[in-house]
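Engineer:
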RNA sequence: GGGCGCGUAGCUCAGUCGGUUAGAGCGCACCCCUGAUAAGGGUGAGGUCAUUGGUUCGAAUCCAAUCGCGCCCA
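Residue numbers (this note's numbering): 3 to 923.
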């Protein structure tokens with residue numbers, strides 16, 4: 003081609019739009035620096051908020067380790083909520099927090115000391131814990147900020163803040179004052195070597211060989227309808243002979259079938275299914291089953307303890323199985339969690355004749371003074387053999403809980419602990435009522451928390467640990483009376499507020515008590531402090547009180563809690579207990595839960611499977627906006643999946659959305675909405691159709707935000723960008739944008755629509771991909787432009803533009819477009835035309851399509867709107883009485899060297915069509 | 001073992017009250033363009049709706065069981 007008219011076109015220039023390659027890992031920190039510089043969070047709060055406050059209360063992550071993908075999901079969702087509510091006219095303060103006290107940090111710090119061969123005292127350990135927690139608060143804060151989260155990051159709440167710790171003491175005091183707090187027994191897994199209770203997480207399961215024994219309990223009150231009462235015995239099996247002295251009952255399953263078995267002159271009762279294997283173990287081949295009975299009929303029967311003058315009644319329990327043993331569970335309420343529950347249910351005493359070191363106490367009678375293993379076990383077995391109660395002994399290998407620290411086999415002991423009563427003053431009912439007032443999203447959450455609250459036992463608040471807030475009680479050294487009054491609690495709280503909770507462990511009791519304080523019970527003046535600390539769920543459960551009420555720009559209750567679904571039994575529950583207990587109201591109005599992040603196959607992420615995706619790596623390689631877009635793409639009310647493959651697809655989606663925005667921004671470089679915009683009435687049908695379609699999209703998008711269904715917004719936005727924009731509208735208006743004269747109504751009309759599209763999309767995307775939206779925003783020619791996209795409002799649907807009739811009319815045109823595409827594709831495949839640009843189509847259209855199309859003039863010129871819509875150089879329409887037909891042929895004329903359309907009026911010398919001739923002038 | 005959920009195309013998701021041949025975008029294959037170019041456009045092929053049984057004139061949709069997966073509890 004002789005002429006080059008490229009420079010006369012209005013092509014978008016690279017430097018006037020956003021870069022095609024986002025380079026998010028480098029660019030995002032710059033936008034974050036910009037937001038810090040302008041103090042974006044503060045400015046967001048200062049914006050007018052016609053809809054009032056919306057308080058999303060942050061559930062505190064534990065200040066230990068790097069953030070993982072679950073944190074990223076949770077915090078990104080929160081950020082999308084906060085940003086989108088702000089853009090819908092709410093004031094959205096967001097105070098992030100951390101959970102600092104507790105076992106994981108204490109254990110990590112202890113291990114550091116252990117590695118150095120040091121044995122720290124409590125204060126040294128606690129100080130190290132505080133430093134450790136502080137260090138991870140810093141680390142996680144940076145990681146969260148790198149995700150692009152907006153909030154009060156320079157003033158977060160920490161549960162180890164002195165004021166927070168003092169607040170915990172006061173809330174404990176309030177609950178005590180209201181009658182919720184009591185001391186009681188509780189079964190705990192206990193390490194006799196470390197002489198401490200262990201949390202579940204500190205228990206390691208290892209193989210162990212135990213002494214398993216079969217013991218016969220003589221029946222003193224036989225079951226009704228027993229086939230015989232002569233020498234009747236109930237047979238049990240246990241792997242912990244040392245618990246026999248604490249036996250108080252024999253548990254059977256109500257629905258299991260039991261058999262009376264006669265052998266060797268006695269009749270034994272055991273589970274029918276286990277008769278054969280048991281007899282085989284005993285080496286007995288000669289036995290007779292006299293009859294069977296279901297467990298529920300055994301209730302009321304009473305046996306006698308084989309060693310002591312004590313009865314052991316038959317009780318019912320659902321946890322009894324016929325898997326191994328005899329189907330009758332030897333029950334020692336002092337030495338097992340299930341046994342304890344059964345003991346409570348049947349009003350049995352809680353006998354625990356074992357001290358902290360694992361030595362039998364006086365309550366164990368003849369065994370007193372013996373360590374429970376191995377001497378205790380041996381002695382018990384020996385005595386059982388002597389009285390003829392031992393039927394069989396064998397070593398038994400099984401998984402058994404061990405101490406994580408010293409690897410000693412653990413035992414169950416009942417110990418005295420502090421509790422919050424869940425049924426005090428109708429508390430449980432009040433909590434259940436409050437649950438019904440809360441909006442749960444998804445609605446199954448209500449079922450789940452209701453079940454959790456209905457079934458939860460009293461809350462054990464005490465822990466025998468170092469890193470926590472001390473329970474603010476004293477004991478009289480003389481009479482052991484518990485000292486816990488509003489005055490003593492408030493004194494302690496004031497001191498902790500000033501000096502931190504370490505002070506409780508540093509100073510003597512007298513430091514916290516008024517001068518001259520005497521025991522109200524016995525008048526003595528010597529006291530010791532409680533050494534237990536509060537359960538950390540008490541810490542986090544108190545945040546609603548200690549954060550929402552403490553900060554003037556927040557309020558109780560919060561409008562929203564948003565956490566993983568595991569928190570129904572965790573934070574939602576503990577917060578509710580404290581909320582109902584101290585404020586008689588739930589701490590939240592609405593609760594949203596999300597699922598867990600699984601791998602591409604739907605399996606749990608774990609180091610051993612090697613399928614863990616680190617958010618930090620994703621941010622480093624692809625950018626936070628890609629990770630955030632993934633969050634938005636997920637239907638998060640259920641479990642979500644993440645893998646490298648999924649990330650690749652999300653990155654593709656990001657690029658497509660970005661390129662769409664890039665094209666629009668590039669073509670708006672010379673557009674000023676205030677002076678160049680074309681009034682709606684003067685826009686052509688296609689442009690008005692685009693605006694109408696934009697309104698439909700916008701309505702859908704706003705609804706998706708309203709219902710927290712960001713994945714619907716994601717999908718619709720992706721479809722809108724690809725289908726309506728890239729593949730259609732943006733393609734069609736290129737001729738006008740590039741080839742028409744700069745200020746022509748045709749070009750300015752297209753830009754007017756382009757501006758609306760970009761302006762709308764950018765703001766809608768801002769909560770999800772805040773960095774990219776900001777980058778686009780800074781390039782958009784918005785009049786009186788706010789300094790950041792995050793200080794704008796969401797667009798609202800313009801009903802005047804939502805022209806339903808036009809949308810309907812275009813439906814048939816778009817269908818026709820598909821038919822035309824197929825016809826052109828076929829002509830291309832048959833080598834009748836090389837490409838659509840060189841084609842002319844003739845549409846033989848029946849009514850009513852012909853009527854619709856007739857509204858558009860079809861000259862052999864660039865302003866043939868139908869030709870532009872169908873992507874060919876020329877198009878004409880013909881009425882038809884038969885079905886629709888699209889005829890494709892080579893367009894007559896020659897190709898304009900400037901606009902590349904094949905037209906009849908292209909000048910041979912200049913190679914320009916009439917339109918381009920006029921434009922170039 | 002119990003409670004609460006989930007299972008639709010390679011991926012992410014729609015699918016209203018049970019009602020035509022189960023949809024979309026991406027990805028994939030083939031083609032076009034080279035003036036959105038580490039872009040853009042067109043056409044097309046992909047489904048035993050986890051499995052089995054039941055209810056119904058009719059089931060992705062309702063019921064039951066089974067399998068797989070997740071959270072919580074034991």
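Ideal placement from N, C-alpha and C gives every residue a C-beta, glycine not left out.
Does residue 695 pass the burial test, meaning 16 or more other C-beta atoms within 10 Å, or should it be called exposed?
Structural biologist: With 16 or more Cβ atoms within 10 Å of its Cβ, residue 695 is classed as buried.
Engineer: Among 734, 392 and 250, whose alpha-carbon lies nearest the alpha-carbon of residue 865?
Structural biologist: The shortest C-alpha separation from residue 865 is found at 734.
Engineer: Please classify residue 173: is it buried, with 16 or more other beta-carbons within 10 angstroms of its beta-carbon, or exposed?
Structural biologist: Residue 173 is buried by the Cβ-count criterion.
Engineer: Run through the DSSP bridge pairs and tell me what residue 100 is partnered with.
Structural biologist: DSSP, once it has assigned bridges, lists 160 as partnering residue 100.
Engineer: Between the Cα of residue 841 and the Cα atoms of 869, 817 and 520, which residue gives the shortest distance?
Structural biologist: If we check each option's Cα against that of residue 841, 869 comes out closest.
Engineer: Could you give the first and the last residue of the continuous beta strand (DSSP E) run that contains residue 183?
Structural biologist: Taken as a continuous stretch (DSSP letters only), the beta strand (DSSP E) holding residue 183 covers 183-193.
Engineer: Name the DSSP beta bridge partners of residue 528, please?
Structural biologist: Bridge partners of residue 528: none, in fact.
Engineer: In angstroms, rounded to a whole number, what distance separates the CA positions of residue 169 and residue 389?
Structural biologist: Cα to Cα, the separation comes out at about 59 Å.
Engineer: Just the C-alpha distance for residue 150 and residue 561, rounded to the nearest angstrom, thanks.
Structural biologist: Going by the C-alpha atoms only, they are around 23 Å apart.
Engineer: Determine, using beta carbons only, whether residue 843 and residue 822 come nearer to each other than 8 Å.
Structural biologist: A contact, by the Cβ cut-off of 8 Å.
Engineer: Counting beta carbon pairs with one atom in the stretch 526-543 and one in the stretch 20-39, are three or more of them shorter than 8 Å?
Structural biologist: Segments in contact, no.
Engineer: Along the chain, where does the beta strand (DSSP E) containing residue 885 start, and where does it finish?
Structural biologist: Per DSSP, residue 885 belongs to no beta strand (DSSP E) and is neither H nor E.
Engineer: So is residue 121 buried or exposed if we call it buried at 16+ other beta carbons inside 10 Å?
Structural biologist: By the neighbour-count rule (16 or more Cβ atoms within 10 Å), residue 121 is not buried but exposed.
Engineer: What separation, rounded to the nearest whole angstrom, lies between the Cα atoms of residue 372 and residue 403?
Structural biologist: If I take the Cα positions, the gap works out to 22 Å.
Engineer: Measuring only the C-alpha atoms, how far is residue 730 from residue 875?
Structural biologist: If you take the alpha carbons of residue 730 and residue 875, they lie about 16 Å apart.
Engineer: Suppose the cutoff is 8 Å on Cβ atoms and the five residues either side in sequence are ignored; what does the same chain contact list for residue 441 look like?
Structural biologist: Within the same chain, residue 441 has close Cβ partners 591, 592 and 593.
Engineer: Out of 422, 793, 805 and 581, which has the shortest C-alpha to C-alpha gap to residue 772?
Structural biologist: Nearest of 422, 793, 805 and 581 to residue 772, Cα basis: 793.
Engineer: Jot down the residue ranges of each uninterrupted alpha helix (DSSP H) in the stretch 271-355, minimum 4 residues, whole runs only, in chain order.
Structural biologist: The stretch 271-355 contains these whole alpha helix (DSSP H) runs: 277-284 and 339-347.
Engineer: Starting from residue 597, follow the beta strand (DSSP E) in both directions and report where the run begins and ends.
Structural biologist: Here residue 597 belongs to no beta strand (DSSP E), and DSSP marks it neither H nor E.
Engineer: Specify the secondary structure class of residue 928 as computed by DSSP and reduced to three states.
Structural biologist: Since the first residue of the chain shown is 3 and the last is 923, residue 928 is not available in this structure.
Engineer: Among the candidates 661, 493, 79 and 443, whose CA atom is the shortest distance from the CA of residue 511?
Structural biologist: With distances taken between Cα atoms, residue 511 lies closest to 493.
Engineer: Smallest Cα separation from residue 426: which of 645, 310, 459 and 882?
Structural biologist: The shortest Cα separation from residue 426 among 645, 310, 459 and 882 belongs to 459.
Engineer: Between the C-alpha atoms of residue 307 and residue 316, what's the straight-line distance to the nearest angstrom?
Structural biologist: Looking at the two C-alpha atoms, the distance is approximately 12 Å.
Engineer: Using CA atoms only, rank isn't needed, just tell me which of 607, 246 and 135 is closest to residue 67.
Structural biologist: Comparing Cα positions, the closest option is 135.
Engineer: Give the secondary structure of residue 9 by DSSP, where H, G and I count as helix, E and B as strand, and everything else as coil.
Structural biologist: DSSP places residue 9 in helix when its eight states are reduced to three.
Engineer: Looking only at C-alpha atoms, which of 638, 639, 637 and 618 sits nearest to residue 629?
Structural biologist: Comparing Cα positions, the closest option is 618.
Engineer: Could you give the first and the last residue of the continuous alpha helix (DSSP H) run that contains residue 692?
Structural biologist: It spans 687-708 - the alpha helix (DSSP H) in which residue 692 sits, taken as one unbroken run.
Engineer: Tell me where the alpha helix (DSSP H) around residue 737 begins and ends.
Structural biologist: It spans 736-741 - the alpha helix (DSSP H) in which residue 737 sits, taken as one unbroken run.
Engineer: Roughly how many angstroms lie between the CA atoms of residue 181 and residue 699, to the nearest whole one?
Structural biologist: Cα to Cα, the separation comes out at about 56 Å.
Engineer: With a cut-off of 8 Å, do at least 3 Cβ pairs link the stretch 847-862 to the stretch 793-809?
Structural biologist: Touching, no, given that fewer than three Cβ pairs across the two stretches are closer than 8 Å.
Engineer: Is it true that the CB of residue 890 sits closer than 8 Å to the CB of residue 897?
Structural biologist: It is not a contact, given that the beta carbons lie outside the stated cut-off.
Engineer: Report yes if the CB atom of residue 328 is closer than 8 Å to the CB atom of residue 238, and no otherwise.
Structural biologist: Going by C-beta atoms, residue 328 is nearer than 8 Å to residue 238.
Engineer: Indicate the three-state DSSP secondary structure (helix, strand or coil) for residue 417 in the structure shown.
Structural biologist: Of the three classes helix, strand and coil, the one that applies to residue 417 here is strand, per DSSP.
Engineer: Alpha carbon to alpha carbon, how far is residue 411 from residue 375?
Structural biologist: Each residue's alpha carbon lies about 10 Å from the other.
Engineer: Candidates 75, 10, 35 and 36: which alpha carbon is nearest residue 643's?
Structural biologist: Closest option to residue 643, Cα to Cα, is 75.
Engineer: Taking 7 Å as the limit between beta carbons, can you name the residues of its chain near residue 13, skipping five residues before and five after?
Structural biologist: Counting only Cβ-Cβ distances below 7 Å, and skipping sequence neighbours, we find 740.
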